[in-house]
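To start, the structure itself, in structure tokens.
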């Protein structure tokens, strides 16, 4: 499956579960945005990157409602009601056209951003669209578990990325890694939502029906696995404060099939994906919160407005 088809598949998931998240969770906003998204199938107001961004915002709003404790039955009933109403929408209704223009303006502001922080219940995804030709984390969730530092997400340039996990272990190092993702089509129930940690114990909720993606290989690199302040070559932040440079350490990198992004996109935002690190002495399990992975993926892969005349 090529990268464009994978991204399209991940975005298609947003049609079945939506939302728009901000500091305040609003079912009214969810209703309006779902209505517009569903009506667009007939009215063709949006296309291309604008439509992708709209659906990313909808999914983010759905996730926020679930993360703030609104019952899933209420959230999905709201979505279904908005879809049903959209089937009767008048594409030329002035109020609808005004909402469409509002969303177009929101997209222009959204796509002009070069970084985005998507906060979950226990962690956050960081998206970065700067320095488009440089290989770096484009979407990452950092984690410090005891003396193990990790990063999981999309790594590469703006045009070419891999789904990777990088980890810094002290002492023994793993020889292989697997990504475990629940398959909602085969079973319900969420994989462990406890505090994030690395453990020799299989996370609660993992079953033989889950999907498993083997890493393509192991390689070594040097990187700082932390959300350090962004500095220039001299170590100064944008507001002129000296912060130095985060220490780069020996790091192991494992790359997973990019098709796994589709599997992650089907998950409840509150649940975890599992990375199983295989050592000669046994297996260690790390967990990363699914959260707003798909909205972050869309943001990281939208066409960049920078350098375009």
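Residue numbers (mature numbering (1 follows the signal peptide of the UniProt record, and there is no 0)): -22 to -1, 1 to 287. A virtual CB, placed ideally from N, CA and C, is assigned to each residue, including glycine.
Check                                                                                                     : Outcome
Pairwise C-alpha distance: residue 255 and residue 42                                                     : 31 Å
Buried or exposed (CB count within 10 angstroms, at least 16 for buried), residue 62                      : exposed
Residue of 229, 53, 187 minimising C-alpha distance to residue 202                                        : 229
Span of the beta strand (DSSP E), counted from its first residue to its last, around residue 234          : 227 to 234
Alpha-carbon spacing of residue 269 relative to residue 248, whole angstroms                              : 6 Å
For residue 196, three-class secondary structure by DSSP                                                  : strand
CB-CB length for residue 274 against residue 94, believed under 8 Å                                       : 7 Å
For residue 123, the nearest candidate out of 272, 200, 262 (CA to CA)                                    : 262
Under the three-state DSSP convention, the category residue 204 falls into                                : coil
Integer-rounded CB distance, given that residue 250 should sit under 8 Å from residue 265                 : 4 Å
6 Å Cβ shell around residue 21 - same chain, five flanking residues per side excluded                     : 69
Sufficient close CB pairs (3 or more, under 8 Å) joining the segment 153 to 169 to the segment 101 to 114 : no
Within 8 Å, strictly: CB atoms of residue 205 and residue 120                                             : yes
Assigned secondary structure, residue 66 (DSSP; H/G/I helix, E/B strand, else coil)                       : coil
The alpha helix (DSSP H) enclosing residue 12, as first and last residue numbers                          : 5 to 21
Contact under 8 Å by Cβ, residue 26 with residue 267                                                      : no
Residue span of the beta strand (DSSP E) that contains residue 102, given as start and end                : 102 to 106
Residue 253 versus residue 176: straight-line alpha-carbon distance, rounded                              : 9 Å
Residue 188 and residue 171 closer than 8 Å at C-beta                                                     : no
Contact set for residue 276: own chain, Cβ-Cβ below 6 Å, skip 5 residues either direction                 : 30, 34
Separation of residue 45 from residue 293, as counted between CA atoms                                    : Because residue 293 is not part of the residues shown, which for the chain are -22 to 287, the question remains open.
Best match in 178, 198, 15, 231 for proximity to residue 67 [C-alpha to C-alpha]                          : 15
Own chain, CB closer than 8 Å to residue 137, minus 5 neighbours either side, in chain order              : 110
Where residue 91 sits in the DSSP three-state scheme                                                      : coil
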